[in-house]
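Data block below; observations after.
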Amino acid sequence: MLDIEFSQLSDPGRVRSRNEDCLGHVLPASPDQARSRGWLFALADGVGGQRQGEVASRAAIEEVVAGFRRAASNVPHRDLLTGLVQAANARVCETEILAGPAGAGMASTIVACTLRFDRATVAHVGDSRLYVIRKGETRQITRDHTVAKEQSRLGILSSLEAAQGATRHVLSRSLGKGLFASVEINEVQLLPGDVVLLCSDGLHGAIADREIAKTLAQASNLEAAARQLVDSANEQDGSDNVSVQLIRIRSIERMGMYRGRPYKLR
């Protein structure tokens, strides 16, 4: 059966007085739930500053977590996550309306990941990221939905220009900006020893990928690694909230799919 180790940490940083990041997770209560439903991890980074970004991120995470708990067993995770993120988008839109003028313009990024058997399914909107670290190599699974990155993918900007340009933090997609969110979905096969990292841009904007891998390799456990990553981000930048979720894959259960149903591989 899939077995994991998990730790998370969120910090306001050295400049901001409020933490607009929000974290959530759902762990299975039994081996049967691990196989029929799996695990959920989610991270949201509120947008808006004085426009209650922390309210938007909390609403998004609450909706995703509650929806995952309500979901029927054995639902394909690609379909489930797409629906959960759309529901989170609707919740942020409703929250903005209820907040009145004080909440006008609130929005949030989100990255959500489900684990089951030997696979991670990832949904994201915005520039919060998910990485898989395997044998000291860091692989970014998500794409940043920012104006600069979109222009880079179109060839308008170089990679260096996108990384340093004024629009590198301007989101091209976010929750709360319309009745329909453009959700990107990916699936990744996992191996024992892999570490899955979800993080806000307060981390990946301050620390290079190679430093993330080095920290995980040297830390005694995931709790220590999370603290070291957050401390390093604050030391090197500290201008933004910093949040991380770390999941180490201890063992997997190799499964195949036939007509939408899983079967165990020998």
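Using my numbering, the letters of the sequence shown correspond one by one to residues 794 to 1059. Glycine included, each C-beta is placed from N, C-alpha and C at the ideal position.
Note: H938 is not bridge-paired with any residue in the DSSP secondary-structure output.
Taking the C-beta atoms as reference points, I934 is found no nearer than 8 Å to L1009. Cβ neighbours of C815 within its own chain (closer than 6 Å, five residues either side excluded): A837, S850, R851 and I854. In the DSSP assignment, N812 falls outside any beta strand (DSSP E) and carries neither an H nor an E. The straight-line gap separating the alpha-carbon atoms of Y924 and R909 is approximately 17 Å. One Cα belongs to V918, the other to Q879, and the distance between them is close to 10 Å.
Contact check for L983 and D911: beta-carbon distance about 5 Å, within the 8 Å limit, so the pair qualifies. DSSP links S1036 through a beta bridge to S803. Taking a cut-off of 8 Å for Cβ pairs, the region 857-877 and the region 889-901 do not touch, as fewer than three such pairs fall below it.
Uninterrupted alpha helix (DSSP H) stretches at least 4 residues long and entirely within the region 831-876 occur at 846-863, given in chain order. Closest option to A883, judged by alpha-carbon separation, among A974, V1035, G986 and N979: A974. Its chain contains C906, L923, I934 and N979 as the residues whose beta carbon lies nearer than 6 Å to that of V915, once the 5 sequence neighbours on both sides are disregarded; these appear in chain order. Across the set G986, S803 and K970, the C-alpha of K970 shows the shortest separation from the C-alpha of E889. Under the DSSP assignment, V963 falls outside any alpha helix (DSSP H); it carries neither an H nor an E label. Taking the Cα positions, A1001 is about 22 Å away from V981. DSSP lists no beta-bridge partner residue for R1047. The Cβ neighbour count for I1045, taken over all protein chains shown within 10 Å, is at least 16; the residue is labelled buried.
Excluding the 5 residues flanking it on each side, P985 has same chain C-beta neighbours closer than 7 Å at I1042, R1043, S1044 and I1045, in chain order. Per the DSSP secondary-structure output, E1004 pairs with nothing in a beta bridge.
Remark: C-beta atoms of L968 and I903 approach each other more closely than 8 Å. Residue range L1015 to Q1029 is occupied by the alpha helix (DSSP H) that includes V1023. D994 is positioned such that its CB atom lies no closer than 8 Å to that of D1024. In this structure, the beta-carbon distance from A1006 to A1026 does not fall below 8 Å. For S829, the secondary structure class from DSSP, reduced to helix, strand or coil, is helix. DSSP places G817 in the strand class (E or B) of the three-state scheme.
As the crow flies, the alpha-carbon of H818 is around 26 Å from that of T939. The bridge partners DSSP lists for L968 are S901.
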